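Asker: Got a structure for you, written out below as structure tokens; questions coming shortly.
Number of protein chains: 2
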Amino acid sequence: MFGRSVYFLTMKMRRSERIVGVTKILIDNPYKLISLNYFTERFEAAKSTISEDLSIIKRVFNIEKMGKVETVAGAAGGVRFIPNKGIKDIKLVIDELCEKLSDSTRILAGGYIYMTDIIFNPNLIDRVGEIFATKFSDLGAEYIITMETKGIPIALMAARALNLPLVSIRKSSKVTEGSVVSINYVTGSSRKIETMSLSRRALPEGAKVIIIDDFMKAGGTAKGMLDLMKEFKAEVLDIGVLVETAQPKEKLVKEYTALVVLEDVDEIEDQIIVKPSSWVENL
Amino acid sequence: MFGRSVYFLTMKMRRSERIVGVTKILIDNPYKLISLNYFTERFEAAKSTISEDLSIIKRVFNIEKMGKVETVAGAAGGVRFIPNKGIKDIKLVIDELCEKLSDSTRILAGGYIYMTDIIFNPNLIDRVGEIFATKFSDLGAEYIITMETKGIPIALMAARALNLPLVSIRKSSKVTEGSVVSINYVTGSSRKIETMSLSRRALPEGAKVIIIDDFMKAGGTAKGMLDLMKEFKAEVLDIGVLVETAQPKEKLVKEYTALVVLEDVDEIEDQIIVKPSSWVENL
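Read top to bottom, the protein sequences are chains A and B.
Under the numbering used here, the residue at position 153 of the first sequence is numbered 176, and the numbers go up by one with no gaps.
Under the numbering used here, the residue at position 247 of the second sequence is numbered 270, and the numbers go up by one with no gaps.
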């Protein structure tokens, strides 16, 4: 993965140089434990020197709310970067999201709103993924689960920030998935019967998972995902959704975390009302 | 987006501290032009000091093949991070990919191979996205286009690295997409007629785009995407695919860049042969 450069065979780096390289490697590998030896070899520096570099990075990240640098002691130990977002930063991202979603030109016939551009905006959705990663960082999840298509970008960015594999449930089964488990479920809002399926290979039995999706109205899809997870004997630790609707108040799933609440889409007044969720408000 | 911390009201940072913060901000915002003023205000440092920090970062990234730091002169100028990958790094990623894909347990009935886990592995696919971003960095693209579902992760990571919006073509039209343009296309391998559609809102007319997808056999889907792009008067600058099959040799599209070639899937010998593409070999 990381080659040693000729440069280091001839001269060592100064701290201000080496620390740039160490910072880059940490950020590029969220949640991945990197041994101190890796850094000492790559930068031809003493362990104590690298340790000092890491304390500086730790301190700056802490002060600047740029995430956490965690040290794990022992032979199998090392250091890892945890891209936790600070509260202020989370609120700024959510405010930007609410502002974008409130744009009344998003209103589609039938009271739907167009949000595909937001979901596929990598810069914004990367930060949303980091918010979910921050929220779910201590649960010990092994997989992130989502539902194709629009759940994928958010879930992928959360999976990236948590360094976990993503598993995407499909709405139909494909020949390229091998043997699959399918279940029928009733969409909570339109009461239609749909099928969702997941490849047997995609998830081992008994895994600890977090479900992340883009939208929740009545919660029928989320309920279906919970049922499908039972078929894999998975333990669902939490559910995260980007947008939930205020109505219906009673969802088919009880425990979940939404980031924003779609209060109202008024086609006549040409108005969309979106607010930060109570989880965001109470941070 | 970035709050100033109380810390800086009381004491300034040393170079080795400040440079950690500057590095983090650059990496978090690929291709985004950040003004020098932003850094001078955030870190309460003189312009000359920040310029020197940036030269150090530039030098280290250059030596360590960690990407480029580009300075744009003038009033609207600033600095931006371009996450270009070095040749050695590209080859390492492609070798890892070939090794993973060659695992014969991936063989499915009918000579298909299971690659969903690879496509949804954020750590690997992030690096694949950076390879495409490196390849396509100078084309002046405005959008990345892909096809749901399995194209999305790779295309999203490339879009992230290029700081471009992603537009995902759908296999069916949804009520939440508003008015859509649909076309029929013939899949090159199985000769089935399928429909793909894209929301009018998703892409302005005359945009410069790059298509990125996970797999190409005969190229029918890619051809369909080119046809759909004509409906939007888009200029397709290039096509990138993760895996192409060696057979059929003649594809329905002429210009594209594949990263790896699936030479053979032998169900009887229980063997998959995957090789780096000629583009990778010739780097």
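Glycine residues also receive a C-beta, built at the ideal position from the N, C-alpha and C atoms.
Since we're looking at a predicted model, the values are computed, not measured.
Do B/Lys253 and B/Leu275 count as a contact pair if the criterion is CB distance below 8 Å?
Answerer: Taking 8 Å as the Cβ cut-off, B/Leu275 and B/Lys253 do not qualify as a contacting pair.
Asker: Please confirm whether A/Gly242 has its beta-carbon closer than 8 Å to some beta-carbon of chain B.
Answerer: Chain B contact via Cβ: absent.
Asker: List the DSSP bridge partners of B/Glu258.
Answerer: Paired residue(s): B/Lys231.
Asker: According to DSSP, is B/Ile206 part of a helix, a strand, or is it coil?
Answerer: B/Ile206: strand per DSSP, three-state reduction.
Asker: Can you give me the C-alpha to C-alpha distance between B/Phe159 and B/Gly242, rounded to a whole angstrom?
Answerer: Going by the C-alpha atoms only, they are around 20 Å apart.
Asker: Can a CB atom of chain B be found closer than 8 Å to the CB of A/Leu32?
Answerer: A caution first: A/Leu32 carries a pLDDT of 48, below 50, which makes its placement in the model unreliable, though a value can still be read off. Cβ-Cβ to chain B under 8 Å: no for A/Leu32.
Asker: Going along chain B, which residues have a C-beta under 8 Å from A/Asn146?
Answerer: Residues of chain B passing the Cβ test: Asn52, Lys55, Arg183, Asn186.
Asker: Does B/Trp302 come within less than 8 Å of chain A when only Cβ atoms are used?
Answerer: False, the Cβ-Cβ gap to chain A never drops below 8 Å.
Asker: Measure the alpha-carbon distance for B/Gly163 versus B/Lys231 and round it to whole angstroms.
Answerer: Distance between the alpha carbons of B/Gly163 and B/Lys231 is about 7 Å.
Asker: Enumerate in chain order the residues of its own chain whose CB-to-CB distance from A/Asp76 is below 7 Å, with the five nearest sequence positions on each side excluded.
Answerer: So the list reads Arg38, Arg41, Ile42, Val45, once near-sequence residues are dropped.
Asker: Measure the C-alpha to C-alpha separation of B/Thr63 and A/Ile291 and round it to an integer number of angstroms.
Answerer: Near 48 Å, if we compare the C-alpha coordinates of A/Ile291 and B/Thr63.
Asker: Which residue spans inside the segment 163–217 of chain B form an unbroken alpha helix (DSSP H) run of at least 4?
Answerer: Segments of the alpha helix (DSSP H) lying fully in the segment 163–217 of chain B: 175–185.
Asker: Where does B/Ile291 fall in DSSP's three states?
Answerer: If DSSP states are grouped into helix, strand and coil, B/Ile291 belongs with coil.
Asker: Kindly list the residues whose CB is nearer than 8 Å to the CB of B/Leu260, restricted to its own chain and excluding five residues on each side of it in sequence; keep chain order.
Answerer: Around B/Leu260: Phe159, Leu162, Gly163, Ala164, Lys231, Val232, Ile233.
Asker: Output the boundary residues of the alpha helix (DSSP H) element that contains A/Val43.
Answerer: 38–51 is the span of the alpha helix (DSSP H), which, as asked, contains A/Val43.
Asker: Looking at the C-beta of A/Arg103, does it have a partner C-beta in chain B at a distance below 8 Å?
Answerer: It does not; no Cβ of chain B falls within 8 Å.
Asker: Give a yes or no on whether 8 Å exceeds the smallest Cβ distance from B/Lys35 to chain A.
Answerer: Answer no: the Cβ-Cβ gap between B/Lys35 and chain A never drops below 8 Å.
Asker: Checking 8 Å against the spacing of the C-beta atoms, do B/Gly174 and B/Asp236 come in under that value?
Answerer: Yes, the pair counts as a contact, with Cβ atoms nearer than the cut-off.
Asker: By DSSP, does A/Ser58 sit in helix, in strand, or in coil?
Answerer: A/Ser58: coil per DSSP, three-state reduction.
Asker: Assign B/Asp51 to buried or exposed, taking buried as 16 or more other Cβ atoms, counted over all protein chains shown, within 10 Å of its Cβ.
Answerer: Burial call: buried.
Asker: In the DSSP assignment, find the alpha helix (DSSP H) that holds A/Arg150 and state where it starts and stops.
Answerer: Run containing A/Arg150: 145–158, per the alpha helix (DSSP H) assignment.
Asker: For B/Asp126, count neighbouring C-beta atoms within 10 Å of its own C-beta (all shown protein chains included) and say buried if the count is 16 or more, exposed if not.
Answerer: Classification for B/Asp126: exposed.
Asker: Compare the beta carbon distance of A/Thr172 and B/Thr172 with 8 Å and say whether it is the shorter of the two.
Answerer: Yes.
Asker: Going along chain B in order, which residues have a C-beta closer than 7 Å to the C-beta of A/Ile80?
Answerer: In chain order: Val43.
Asker: Any idea which residues DSSP pairs A/Glu87 with across the strands?
Answerer: Answer is none; A/Glu87 lacks a bridge partner.
Asker: Nearest-angstrom Cα distance between B/Ala178 and A/Asn186?
Answerer: Straight-line Cα distance between these residues: approximately 19 Å.
Asker: Report the residues of the segment 117–136 of chain B with a CB closer than 7 Å to any CB of chain A, ordered along the chain.
Answerer: Listed by position along the chain: Leu131, Gly133, Tyr135.
Asker: Spatial neighbours of A/Ile117 within its chain, please: C-beta separation below 7 Å, excluding the five flanking residues on both sides.
Answerer: Hits under 7 Å: Leu282, Val283, Pro299, Val303.
Asker: Determine the direct distance from the alpha carbon of A/Val266 to that of A/Lys272, and round the result to whole angstroms.
Answerer: When rounded, the distance between both Cα atoms is 14 Å.
Asker: Would you mind working out which of B/Gly229, B/Glu153, B/Ile296, B/Ile192 sits nearest B/Glu217, comparing C-alpha positions?
Answerer: Nearest option by C-alpha distance: B/Ile192.
Asker: Taking just the CA atoms, how far does B/Asn85 sit from B/Ile79?
Answerer: Their Cα atoms are separated by approximately 10 Å.
Asker: I need the straight-line Cα distance from B/Ile262 to A/Ala98, nearest angstrom please.
Answerer: So the alpha carbons of these two residues sit roughly 46 Å apart.
Asker: Just list the residues that DSSP pairs A/Val297 with in beta bridges.
Answerer: Note: A/Val297 sits in a beta bridge opposite A/Leu285.
Asker: Give me, in chain order, the residues of the same chain whose beta-carbon lies closer than 6 Å to that of A/Ala68; leave out the 5 immediate sequence neighbours on both sides.
Answerer: Once the five neighbours on either side are set aside, A/Ala68 has no close Cβ partner at all.
Asker: Could you tell me the distance, in whole angstroms, from the CA atom of A/Met36 to the CA atom of A/Ile73?
Answerer: Whole-angstrom Cα-Cα distance: 12 Å.
Asker: Quick check: is any heavy atom of the ligand FMN less than 7 Å from the C-beta of A/Met239?
Answerer: Among the components of this structure there are no ligands whatsoever, and the ligand FMN is therefore not found.
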